[in-house]
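Please read the structure below before turning to the comments.
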Amino acid sequence: MPRLRILAIAMSVALAACSQSPNNAGSSAPAASGSAPAKASTTAAAEAPAANPFFTASTLPYQAPPFDKIKDSDYQPAIEEGMKQQLAEVDKIANNPEPATFENTYVALEKTGVLLNRVMMVFNGVTAANTDDALQKVQEEEAPKLAAHADAIHLNDKLFQRVQAVYDQRDSLKLDPESQRLIEVVYRQFVMAGAKLSDADKAKLKDFNKEEASLEAQFNNKLLAAGKDGALVVDDKSKLAGLSDEDVAAAAQAAKDRHLDGKWVLTLQNTTQQPLLQDLTDRPTRQALFEASWTRAEKGDANDTRDIITRLAQLRAQEAKLIGFPNFAAWTLEDQMAEKPETVMSFMDKLAPAAVARAKVEAADIQKQIDKDQAALHQPTFKLEPWDWEHYAEEVRKAKYDLDDSQIKPYFELNNVLQNGVFYAANQLYGLTFKERKDIPVYNPDVRVFEVFDKDGKSLALFYFDYFKRDNKNGGAWMDNFVGQSKLIGTKPVIYNVANFTKPADGQPALLSMDDVITMFHEFGHGLHGLFSDVQYPTLSGTATARDFVEFPSQFNEHWATDPKVFANYAKNYKTGEPMPQELVDKVKKAGLFNKGYDMTELVAAAMLDMNWHMISADEPKQDADAFETAALKKDGVDLSYVPPRYRSSYFLHIWSNGYSAGYYAYLWTQMLADDAFENFKEHGGLTRENGDHFRDLILSRGNTVELSKLYKNWRGQDPSIEPMLIDRGLKQAPAK
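For the sequence shown, full-length UniProt numbering gives the first residue as 1, with consecutive numbering after it.
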């Protein structure tokens, strides 16, 4: 998932779990320039420009960040000077004595904030993937200032009068379609940010926005600390029974890194369930690991997030009421494909019963396996709990399909998957080639950089990959830009993908699960959306689309991970180079729909939980986080004791800090688009250059230059159907052929 570049408060990651990139900010809409503004303090300008690498454009290829020159102390002065410069640029536009025109208002706004955009895109990337105490302090200090800066632009009455004047005459201006689209998008951003409010209400909104920005930054930093501190420390190696030698070595290394020699540390990923639960045979250890995950941000300590999230929910409801909407979801969905909360809930109501029903069938199979295993051990059986699911589901998979992860992982070595899977599919579809660059500085030694070449051999972009888990990295996986594409500004894409795969011990290969492989293809799909961007204006560039569209290219790209031609090219044993035996390939394919009830239920539960938090009205009191979550899951019929939501409210980074508030449903909505799109590819020959070029030309290169429902229909020839999704996700049988 790419991270959402939200105007003032994109101080941390995300779209895409995946992810974030749509320019939609709910409580603070993005600036016309697509950059991240805020109100300047007078302390920063004293920084000598020559001493700060952000004050001039990078001389590296594609203006890539000069990480070898950037220091922690460079960010704050550059942010504040960038804010100061953009406010001066905006004031000049607002006070222009000439009548408002498209060029002197909309295009002029697109050109503002170059310095601020330059530093914020790097700052967002580093604070998400490689933060430290100094950067977190800057993050918390600058968040409310950035929110105030956003308001200083969007709530500038003189500026909005000019925006309104051009908008009112847009039909007579005879502009090209992209320019016409820019007018519509920017005008709506201003209105949704409160431009039409009275002065008194604008003052209230500014206070709300500053508080919200501060709380989001605090939440992000508390959660990062909670994830680190919540890791399970094991002092008896026997409690790790079932883990591979590689996993045990990684746990020992994680302990060593924390100066806990002689112990083992099982670090937490950001989701509720943890990958190691599948292999751990010691049930108390499984329970301890699950509970470490489940309670990470609910310990009543300095990292407890519950007070923050309940205030955020209340605050967002109050903001929505001020703008004129019944709740935050109604406000933030206004410019999404779904448009209304009712549409979202109706869509999920079509998925939840089928997902829950399938999960219950799967649970019955797992309970039988538990009963069988306990009987063989002459031990009393026990009731299936969430910490048991992954472990015994793997046993069921072995029994049903004679398949387990240990058989598969040797065929999924990370570099081979990247080069001969991810890159290969991109070459077959779009003609891309890749060359690793060792001369481009990076922010962490784990990061690799590749130059991307187009089908005609011309250099197209730079692409960074940061795949391994670190304690100072946010959980999950995402994509974003260090430099965005814009013909107007004259910049080309510098993209990055970030994930949290387990780093192997020194000298060991990085072996992936099938889920990890899918994650690589997913995030690279976001990357394709960014690097193929071919638009004029920054506001409409690349992944700057609605949330319920931005996950479409990424989830579509997942399908190539299991395409027979692509799979055969990368699924090779890392020791021998031999391809995966056809018998094993057939097992992997046959097991493709295994556990889909669980997967869909945890996702639907999280999406419904998000919607419930953001359909609270401003008149309701501040909620009790745990009671609200329990009641919401029960009300929507997704309260299965053994299938917890993918994210608990207290560590739901997507919705509290990453711009997916009232938007987590987008992953489900875009599954519908992605599965329908792949059906179209299959109907027209599958993995071909002709299909890839057509998709690139009509979808991937267009950003937000066309109304998104129309953009999809122009390519597909019809509106999307939910049928391929229901079949592909195992919720409906495919029709007999």
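Don't be surprised by glycine CBs; every beta carbon is placed ideally from N, CA and C.
Item: Taking its Cβ as the centre, do 16 or more other Cβ atoms sit within 10 Å of Asp439, making it buried, or is it exposed?; Value: exposed
Item: Can you pull the DSSP bridge partners for Arg448?; Value: Phe465
Item: When DSSP labels each residue in this structure, what does Ala231 get in the three-state scheme?; Value: coil
Item: Whose C-beta lies closer than 6 angstroms to the C-beta of Lys206 among residues of the same chain, with five residues either side of it excluded?; Value: Asp151
Item: So, is Ala36 buried or exposed, given that buried needs 16 or more other C-beta atoms within 10 angstroms?; Value: Residue placement at Ala36 is poorly supported in this model, since its pLDDT is 32, which falls under 50; the coordinates are not used for a value here.
Item: Spell out a yes or no on whether the stretch 451 to 460 and the stretch 477 to 491 are touching, meaning 3 or more CB-CB pairs, one atom from each, closer than 8 angstroms.; Value: no
Item: Our contact map puts Phe524 next to Asn497 with C-beta atoms below 8 angstroms; I'd like the distance itself, whole angstroms only.; Value: 6 angstroms
Item: Closest to Gly230 by C-alpha separation, out of Ala193, Phe290 and Thr601, would be which residue?; Value: Phe290
Item: Between which two residues does the alpha helix (DSSP H) containing Val114 stretch?; Value: Val114 to Ala129
Item: Let me know the secondary structure DSSP gives Ser554 once reduced to three states.; Value: helix
Item: Three or more beta-carbon pairs under 8 angstroms between the stretch 280 to 298 and the stretch 234 to 251, yes or no?; Value: yes
Item: Using the rule of at least 16 other Cβ atoms within 10 Å of the residue's Cβ for burial, across every protein chain shown, is Ala357 buried or exposed?; Value: exposed
Item: Using the C-alpha atoms, what's the distance from Trp331 back to Glu339?; Value: 9 angstroms
Item: Let me check you understand the geometry: is the CB of Phe219 closer than 7 angstroms to at least one non-hydrogen atom of the ligand MG?; Value: Looking for the ligand MG in the displayed structure turns up nothing, as the structure carries no ligands at all.
Item: For the beta strand (DSSP E) that contains Ala393, what are its first and last residues?; Value: Careful: Ala393 lies outside any beta strand (DSSP E), inside the alpha helix (DSSP H) at Pro386 to Tyr401.
Item: Return helix, strand or coil for Leu511, following the three-state DSSP convention.; Value: strand
Item: Who are the near neighbours of Met11 in its chain, counting only those whose CB is closer than 6 angstroms to its CB and skipping five residues on each side?; Value: Low local confidence applies: a pLDDT of 32 at Met11 is under 50, so the model's placement there is unreliable, with the coordinate-based value given in what follows. If we look at Met11 and ignore the five residues flanking it on each side, its Cβ neighbours are Gln139, Ala143 and Ala217.
Item: Let me check understanding here. Comparing Cα to Cα, which of Tyr712, Lys409, Leu351 and Lys368 lies closest to Met725?; Value: Leu351
Item: Tell me the rounded alpha-carbon separation between Lys518 and Ala200.; Value: The question names Lys, yet the displayed sequence has Ile at residue 518. Their backbone Cα atoms lie some 50 angstroms apart in a straight line.
Item: Between the Cα of Ala203 and the Cα atoms of Arg470, Leu224 and His154, which residue gives the shortest distance?; Value: His154
Item: With Tyr392 and Ile408 assumed to form a contact (beta carbons below 8 angstroms), what rounded beta-carbon distance in angstroms separates them?; Value: That belief does not hold up - the Cβ atoms of Tyr392 and Ile408 are roughly 18 angstroms apart, past 8 angstroms.
Item: Quick check: the Cα distance between Leu687 and Asp245, rounded to an integer number of angstroms?; Value: 38 angstroms
Item: With contact counted as at least three CB pairs below 8 angstroms, one residue from each stretch, are the stretch 577 to 595 and the stretch 391 to 406 in contact?; Value: yes
Item: If you measure between the beta carbons of Ala213 and Ala297, is that distance less than 8 angstroms?; Value: no
Item: For the alpha helix (DSSP H) holding Glu141, just list the boundary residues, first then last.; Value: Asp133 to His154
Item: Have a look at Leu333 and Ala677 and give me their C-alpha separation to the nearest angstrom.; Value: 23 angstroms
Item: Report back the beta-carbon spacing between Tyr664 and Ala607 to the nearest angstrom; my notes put them in contact at under 8 angstroms.; Value: 5 angstroms
Item: With burial defined as no fewer than 16 other Cβ atoms inside 10 Å of the residue's Cβ, what is the status of Gly527: buried or exposed?; Value: buried
Item: Buried or exposed for Pro99, please, with buried defined as at least 16 other CB atoms from any protein chain shown within 10 angstroms of its CB.; Value: exposed
Item: With a CB to CB cut of under 7 angstroms and the five nearest residues on each side skipped, what residues in its chain are close to Tyr642?; Value: Ala363, Leu384, Glu385, Pro386 and Trp389
Item: Excluding five sequence neighbours on each side, which residues of the same chain lie with their C-beta closer than 7 angstroms to the C-beta of Thr433?; Value: Asn427 and Phe453
Item: Would you check if the stretch 534 to 550 and the stretch 566 to 582 touch, i.e. whether three or more CB-CB distances between them fall below 8 angstroms?; Value: no
Item: Could you give the distance in angstroms between the alpha-carbon of Lys137 and the alpha-carbon of Glu395?; Value: 46 angstroms
Item: Please list, in chain order, all residues of the same chain as Ala78 whose beta carbon is under 7 angstroms from its beta carbon, the five residues on each side excluded.; Value: Asn52, Phe54, Phe55, Leu115 and Val119
Item: Could you spell out the range, first to last residue, of the beta strand (DSSP E) harbouring Asp480?; Value: Trp478 to Val483
Item: When you compare the CB positions of Thr670 and Gln508, do they come within less than 8 angstroms of one another, or not?; Value: no
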